[in-house]
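> According to the numbering used here, the sequence shown is numbered sequentially starting from 1085.
Heads up, the beta-carbon is just placed ideally off N, CA and C, and yes, glycines get one too.
In this text, all values refer to a predicted model and were calculated from it rather than measured experimentally.
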Amino acid sequence: MTTRSETQTTLDHLLTEIEHRNPAQPEFHQAAHEVLETLAPVVAARPEYAEPGLIERLVEPERQVIFRVPWQDDQGRVRVNRGFRVEFNSALGPYKGGLRFHPSVNLGVIKFLGFEQIFKNALTGLGIGGGKGGSDFDPHGRSDAEVMRFCQSFMTELYRHIGEHTDVPAGDIGVGGREIGYLFGQYRRITNRWESGVLTGKGQGWGGSLIRPEATGYGNVLFAAAMLRERGEDLEGQTAVVSGSGNVAIYTIEKLTALGANAVTCSDSSGYVVDEKGIDLDLLKQIKEVERGRVDAYAERRGASARFVPGGRVWEVPADLALPSATQNELDENDAATLIRNGVKAVSEGANMPTTPEAVHLLQQAGVAFGPGKAANAGGVAVSALEMAQNHARTSWTAARVEEELADIMTSIHTTCHETAERYDAPGDYVTGANIAGFERVADAMLAQGVI
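1) With H, G and I counted as helix, E and B as strand and the rest as coil, what does DSSP make of Glu1171?
2) Thinking C-beta only, is Ala1403 closer than 9 Å to Val1348?
3) Between Gly1303 and Glu1230, what straight-line distance do the alpha-carbon atoms span, to the nearest angstrom?
4) Taking the straight line between their C-alpha atoms, what separation do you get for Ala1527 and Pro1438?
5) Just tell me which of His1117, Gly1160 and Ile1246 has its CA closest to the CA of Gln1148.
6) To the nearest angstrom, report how far apart Glu1103 and Ala1115 are at their CA atoms.
7) Given that a residue counts as buried once 16 or more other Cβ atoms are within 10 Å of its Cβ, and exposed if not, what is Ser1354?
8) Which residue from Phe1454, Val1393 and Pro1394 puts its Cα closest to that of Leu1423?
9) By a C-beta neighbour count over all protein chains shown, 10 Å radius and 16 as the cutoff for buried, is Gln1201 buried or exposed?
10) Leaving out the 5 sequence neighbours to the left and right, which residues in its chain are closer than 6 Å to Phe1203 when beta-carbon positions are compared?
11) For Phe1196, which residues of its own chain have a beta-carbon under 6 Å away from its beta-carbon, when the five flanking residues on both sides are left out?
12) So which of Ile1337, Cys1235 and Ser1227 has the shortest CA-CA distance to Gly1218?
13) Give me, in chain order, the residues of the same chain whose beta-carbon lies closer than 6 Å to that of Ile1363; leave out the 5 immediate sequence neighbours on both sides.
14) Phe1199 to Val1143, Cα distance in whole Å?
15) With DSSP as the reference, please indicate the residues paired to Ser1480 in a beta bridge.
16) Give the secondary structure of Ile1212 by DSSP, where H, G and I count as helix, E and B as strand, and everything else as coil.
17) Counting pairs of beta carbons, one from the region 1494 to 1510 and one from the region 1274 to 1288, are three or more of them closer than 8 Å?
18) Which of the three DSSP states is assigned to Asn1519 in this structure?
19) For Met1472 versus Val1252, is the C-beta spacing smaller than 9 Å?
20) Which first and last residues belong to the alpha helix (DSSP H) in which Pro1297 is found?
21) Can you round the beta-carbon distance between Gly1215 and Val1170 to whole angstroms, since I take them to be within the 8 Å contact cut?
22) Name the DSSP beta bridge partners of Lys1180, please?
23) Residues bridged to Asn1165 by DSSP?
24) So, does the region 1411 to 1422 touch the region 1086 to 1103, judging by three or more C-beta pairs under 8 Å?
25) If you follow the beta strand (DSSP E) that Arg1391 is in, where does it begin and where does it stop?
Put into structure tokens, the structure is as follows:
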């Protein structure tokens, strides 16, 4: 049997090869490192996983699509963006993962997100593979007509690569209900069929699921609560800092409040707000979802309890819990040190890879419970899969049923990660538990299906 050290050496060589084959893709390199550096115990214990080519296939997308997206702005000027869809792994089911519209989007970012999605989707226990897509288009500040024209152009190319049994996109940063509506309308127009299961995150009146907008934020809070329960605590009375002010952050704050915690922050690229009384959700939703404004407006209208810190770091605010819910690598080693000094008990990732590797290691060394995004924020894709199930049956579930299913899935993910970590001599290490548990499910399916 190969030893763990020998196996790790082999994996290190593979990581070097990944960097060589995928130059100038630091986010993808980071995601691959984060997973592969934890796999030595399971590969050493199960020789079938050391089969030549298995992990090499796992880190290579099954398909990568890059395309031009021309569209016309309101002044009649033709604009050109770049679209992406990376279909990473379909061993467990059709590719499933969101579309991100943001200026930072490039192939490396999409590959990092797609690679993470493989393991996240596997952890849900549902029949969905991993994929991701998007564009460097920025919807911020664009009119509805401009967003519609962009989405129609984007879908005119994407439609030929997706389908309810092939690849099922959803929303992500910059892609909400408005964008999903325009994308679905163009898909329906081109294909001449009502295929509601081809996109998730749809409006509730035309195939969407109740609780889907809330699912990622709700699920993250449920995972954080499970980590605290493992330590004999609960959310009641805990102070929480949340980054971001989009869909994930808003519903993270909503669920924290419902379970008795006090969420005191939100943020955007301009800075952050701290509200000693707890974030007023109605006001935040009005500013961000209706007016599409900035968080400094929240502080101006909230009154004496709130203040805006321009350009600040939300992690400066003392709290029991931290829930990064904005974007990748937003919480670095210095932020982690600040959180530890201020007595943080748990960090749970609502965004995808928002914590740098150095920060993760520092938090774990300090004994802070750390929930990685592939486990903690899996609630969104889980309810997307439930939306697919409702579409297939041409039915609609009640909010109570969907929320109950979500709670069961998040509890199961926590249990799976916790037990897997203990099984491989890493008690309390949710990163190792999540990576190995997701890997086992995907690798078993890949082995069973042959070299494809």
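Here's the rundown:
1) strand
2) yes
3) 33 Å
4) 26 Å
5) Ile1246
6) 11 Å
7) exposed
8) Phe1454
9) buried
10) Lys1458 and Gly1522
11) Glu1111, Phe1112 and Ala1115
12) Cys1235
13) Ile1337, Ala1347 and Cys1350
14) 7 Å
15) DSSP, once it has assigned bridges, lists no residue as partnering Ser1480.
16) coil
17) no
18) helix
19) yes
20) Unbroken run through Pro1297: none, as it is neither H nor E.
21) 6 Å
22) Gly1214 and Val1252
23) Val1153
24) no
25) Ala1390 to Pro1394
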